[in-house]
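Quick note: the sequence shown uses the working numbering, first residue 351, plus one each step.
Think of the CB as a built atom: it goes at the ideal place given N, C-alpha and C, for glycine as much as any other residue.
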Amino acid sequence: MEAVSREIQVPAHELEAWRRVFLEGGMAGLRSRGGDPEAQAVKQAQAKVGELAMRLELAEMLLEKRGYGEELTRLKKSRGF
């Protein structure tokens, strides 16, 4: 955790908070396995979106740190983000 924190310049406590939210979402999904299949699908999709958002944010920070900030900004503007 500390190595990733230094690498992407995000405080370790923030990374730990992201990790905790991700794991809690997974545990909630496991607890609700016997319920409505549609609700389960929505929860799974929400968990996946959260995971992908976290990965995207980490990747963007790493790209910026490695000097690709301007290219990233240009790409986001061209895609309408």
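Between W368 and M411, the C-beta spacing is not below 8 angstroms. Here the alpha carbons of M351 and A389 stand approximately 33 angstroms from one another. Shortest Cα-Cα distance from Q394 to any of G375, R356, E366 and L422 involves G375.
Here G400 is near F372, since their CB atoms are less than 8 angstroms apart.
Per DSSP, reduced to three states, the secondary structure at R416 is coil, with no helix or strand assignment. With distances taken between CA atoms, V360 lies nearest to L408 out of L408, R424, T423 and R429.
Rounded to the nearest whole angstrom, the CA to CA distance from R370 to V354 is 16 angstroms.
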